[in-house]
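One structure is given below, encoded as structure tokens.
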Amino acid sequence: MRSVIDVPDLTPAELDALMDTAEDIIARPEKYSETCRGKKLATLFFEPSTRTRLSFEAAMYELGGNVLSVTGAGTSSAAKGESVADTAKTVSCYADIIAMRHPKEGAALVAARSASVPVINAGDGGHCHPTQTLADLLTIRREKGRLDHLTVGLCGDLKFGRTVHSLINAMSRYEGLNFVLISPEELKVPSYVKNDALKKKGIPYTQTTDLMQVIGDLDILYMTRVQRERFFNEEDYLRLRDSYILTPEKLKKARPDLSVMHPLPRVNEISVAVDDDPRACYFKQVLNGKYMRMALILMLLGLKAK
Amino acid sequence: MNVDSIRDGIVIDHIAPGNAMKLYDLLGLAELDVPVAMITNVVSAKRGRKDIIKIDAEIPVDINVIGYVDPEATVNIIRHGELVEKKRIGMPETLVNVLKCKNPRCISCCEQELDQIFRLADPEKREYRCVWCEAKAADI
Chain C
1 MRSVIDVPDL
11 TPAELDALMD
21 TAEDIIARPE
31 KYSETCRGKK
41 LATLFFEPST
51 RTRLSFEAAM
61 YELGGNVLSV
71 TGAGTSSAAK
81 GESVADTAKT
91 VSCYADIIAM
101 RHPKEGAALV
111 AARSASVPVI
121 NAGDGGHCHP
131 TQTLADLLTI
141 RREKGRLDHL
151 TVGLCGDLKF
161 GRTVHSLINA
171 MSRYEGLNFV
181 LISPEELKVP
191 SYVKNDALKK
201 KGIPYTQTTD
211 LMQVIGDLDI
221 LYMTRVQRER
231 FFNEEDYLRL
241 RDSYILTPEK
251 LKKARPDLSV
261 MHPLPRVNEI
271 SVAVDDDPRA
281 CYFKQVLNGK
291 YMRMALILML
301 LGLKAK
Chain L
1 MNVDSIRDGI
11 VIDHIAPGNA
21 MKLYDLLGLA
31 ELDVPVAMIT
41 NVVSAKRGRK
51 DIIKIDAEIP
61 VDINVIGYVD
71 PEATVNIIRH
81 GELVEKKRIG
91 MPETLVNVLK
101 CKNPRCISCC
111 EQELDQIFRL
121 ADPEKREYRC
131 VWCEAKAADI
């Protein structure tokens with residue numbers, strides 16, 4: 001049974017096909033409105049999430065399918081001590097496809113190995129969140145018209161930020177990229193990510209703590225939130241939370257065709273005043289995420305628009 | 001038990017000095033009801049110095065554990081006092097229930113009866129990663 005736990009589970013050709021499908025859905029949504037008629041998506045969310053769960057559910061509804069939803073470990077059989085494997089086997093009896101978020105890393109893989117229907121990882125702790133990366137890739141392709149020959153700045157929490165690691169890995173197969181890694185010393189990209197995705201492939205990158213020094217060089221500025229839930233120590237979280245705050249003033253030094261991205265939710269790392277700047281793309285990313293989830297559901301269910 | 005020769009059993013030879021104790025622990029040899037001899041830091045033509053473990057019974061041994069601790073080690077099967085088989089292990093691709101993931105956020109910490117599986121991620125660095133959360137195995 002085909003599942004998607006991390007972006008490398010998809011071949012480059014499949015990624016391209018997913019983006020093509022998503023663009024076709026955007027252009028002709030009516031073509032897809034009945035594609036999943038009679039199919040059910042189970043959204044199993046054992047960790048707080050608003051946008052990802054709603055995005056999956058909206059995606060399934062827009063494909064003409066139905067949704068079964070579990071939110072919060074406290075209201076599910078997990079509270080009674082049921083294992084992830086047993087939950088996946090049980091839900092496979094009710095649904096045609098599962099989207100699962102769980103606080104433990106590797107939980108989606110455990111579910112996928114037990115389920116008899118496809119499982120999509122909707123985030124497993126700080127580990128993987130592949131559909132966010134799919135949203136990011138589509139956004140870059142739509143904003144820039146390409147995924148190669150770009151200078152991509154990643155800013156904020158690059159240590160715990162799973163979306164950043166996943167995006168670096170996913171983009172490392174394209175040519176002519178240059179990564180600029182902007183973070184406090186304590187939140188730098190882990191060396192294994194740099195080694196596997198950048199150094200081994202000879203992809204140039206620079207590391208800096210100073211956003212303003214490099215902002216004028218960037219085609220993409222991918223901002224991230226310093227996530228409270230990834231810290232064991234509240235003091236460290238509070239000290240690093242306000243490291244980088246993007247404001248209209250700072251954007252004056254950026255290129256006019258810069259694309260500002262953010263996986264959301266933001267806390268304060270992008271000033272609300274930036275939302276009106278045409279370079280702000282983060283709400284487009286949200287929408288693109290829904291289209292990519294639609295494309296992924298179709299692919300995993302083996303369905304095509306008539 | 002005569003450590004110079006065993007009749008039916010296993011000799012783990014060419015172990016890098018210092019690794020015999022790690023192997024002894026990971027193979028659970030202390031829990032066996034058979035004679036086991038551990039010889040450390042003896043002269044070796046091949047490695048300069050080496051450790052040897054002799055087990056005076058032909059018991060099932062997880063050879064992947066040996067390959068993980070020391071891929072250069074050899075496993076010799078002795079029957080009726082004769083060497084009948086010599087295996088060089090190399091680094092195993094996967095280790096099942098040999099190591100425990102130390103990542104407190106890993107699903108393997110709490111999921112019932114879930115195998116602890118590690119895969120060889122980087123042979124050059126002898127680096128193993130948990131298949132569930134991809135955390136690096138703690139150094140042996």
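Top to bottom, those sequences are chains C and L. In terms of the numbering used here, the first sequence is residues 1 to 306. In terms of the numbering used here, the second sequence is residues 1 to 140. Ideal placement from N, C-alpha and C gives every residue a C-beta, glycine not left out. As the structure is a computational prediction, the values presented were derived from the model and not from experiment.
Would you check if the distance between the CB atom of residue i and the CB atom of residue j is smaller than 7 Å?
| i | j | result |
| --- | --- | --- |
| residue 22/C | residue 295/C | yes |
| residue 254/C | residue 203/C | no |
| residue 222/C | residue 138/C | no |
| residue 12/L | residue 53/L | yes |
| residue 117/C | residue 140/C | no |
| residue 115/L | residue 97/L | yes |
| residue 225/C | residue 267/C | yes |
| residue 181/C | residue 158/C | yes |
| residue 47/C | residue 12/C | no |
| residue 307/C | residue 63/C | In the structure displayed, chain C extends from 1 to 306; residue 307/C sits before or after that span and is not available. |
| residue 68/C | residue 95/C | yes |
| residue 7/L | residue 90/L | no |
| residue 166/C | residue 7/C | yes |
| residue 27/L | residue 68/L | no |
| residue 279/C | residue 258/C | yes |
| residue 205/C | residue 179/C | yes |
| residue 10/L | residue 55/L | yes |
| residue 289/C | residue 49/C | no |
| residue 133/C | residue 170/C | yes |
| residue 201/C | residue 172/C | yes |
| residue 34/L | residue 57/L | yes |
| residue 217/C | residue 175/C | no |
So residue i and residue j are in contact, right, with Cβ under 8 Å, and what is the actual spacing, rounded?
| i | j | result |
| --- | --- | --- |
| residue 44/C | residue 292/C | With 8 Å as the limit, residue 44/C and residue 292/C do not qualify as a contact, their Cβ atoms being about 20 Å apart. |
| residue 92/L | residue 51/L | Actually they are not in contact, since the Cβ atoms of residue 92/L and residue 51/L sit about 20 Å apart, beyond 8 Å. |
| residue 168/C | residue 197/C | 5 Å |
| residue 70/L | residue 15/L | 5 Å |
| residue 84/C | residue 111/C | 5 Å |
| residue 105/C | residue 129/C | Wrong, their Cβ atoms sit about 11 Å apart, outside the cutoff. |
| residue 123/C | residue 52/C | 6 Å |
| residue 125/C | residue 105/L | 5 Å |
| residue 256/C | residue 273/C | Not confirmed; about 17 Å, so no contact. |
| residue 282/C | residue 262/C | 4 Å |
| residue 25/C | residue 32/C | 5 Å |
| residue 138/L | residue 129/L | Not a contact, Cβ separation roughly 11 Å. |
| residue 127/L | residue 136/L | 6 Å |
| residue 114/C | residue 144/C | Not really, about 40 Å apart at Cβ, beyond 8 Å. |
What residues are listed by DSSP as bridge partners for residue i?
| i | result |
| --- | --- |
| residue 223/C | 155/C |
| residue 44/L | 48/L |
| residue 261/C | 222/C |
| residue 299/C | Answer is none; residue 299/C lacks a bridge partner. |
| residue 127/L | 122/L |
| residue 102/C | 124/C |
| residue 35/C | None; residue 35/C has no bridge partner. |
| residue 43/C | 69/C and 99/C |
| residue 15/L | 51/L |
| residue 4/C | 120/C |
| residue 246/C | 270/C |
| residue 280/C | 260/C |
| residue 141/L | The question about residue 141/L has no answer here: the residues shown for chain L are numbered 1 through 140. |
| residue 136/L | 129/L |
> What residues in the stretch 102-118 of chain L have a beta carbon less than 7 Å from any beta carbon of chain C?
Replying inline: Cβ proximity to chain C below 7 Å picks out 103, 105, 106, 107, 108, 110, 111, 112 and 114 from the stretch 102-118 of chain L.
> According to a CB-to-CB cut-off of less than 7 Å, which residues of the stretch 113-141 of chain C neighbour chain L?
Replying inline: Hits within the stretch, in order: 125, 126 and 127.
> Could you give the uninterrupted runs of the beta strand (DSSP E) lying entirely in the stretch 170-241 of chain C, keeping only those of 3 residues or more?
Replying inline: 178-182, 205-208 and 220-223, all fully within the stretch 170-241 of chain C.
>> What ranges does the alpha helix (DSSP H) occupy inside the stretch 28-116 of chain L, keeping only unbroken runs of at least 4 residues that lie completely in it?
In response: Qualifying alpha helix (DSSP H) stretches, in chain order: 63-69.
> Taking only runs of the alpha helix (DSSP H) that begin and end inside the stretch 47-74 of chain C, which ones reach a length of at least 4 residues, in chain order?
Replying inline: DSSP runs (the alpha helix (DSSP H)) wholly in the stretch 47-74 of chain C: 51-62.
> Along the stretch 92-113 of chain C, what residues have a CB closer than 8 Å to any CB found in chain L?
Replying inline: Cβ contacts with chain L: 102, 103, 104, 105, 106, 107, 109 and 110.
>> Quick check for students: name the residue ranges of the alpha helix (DSSP H) that lie wholly in the stretch 106-155 of chain C, counting only runs of 4 or more.
In response: Inside the stretch 106-155 of chain C, DSSP marks whole alpha helix (DSSP H) runs of 4 or more residues at positions 107-114 and 130-144, from first to last along the chain.
> Just by C-beta distance, which residues in the stretch 189-211 of chain C are closer than 7 Å to chain L?
Replying inline: Correct list: empty, as no residue qualifies.
>> To be precise: take each residue of the stretch 161-179 of chain C, compare its Cβ to all Cβ atoms of chain L, and keep it if any distance is under 9 Å. Which residues remain?
In response: The stretch 161-179 of chain C vs chain L, Cβ under 9 Å: nothing.
> Of the residues that make up the stretch 80-103 of chain L, which ones have a beta carbon closer than 7 Å to any beta carbon in chain C?
Replying inline: Hits within the stretch, in order: 103.
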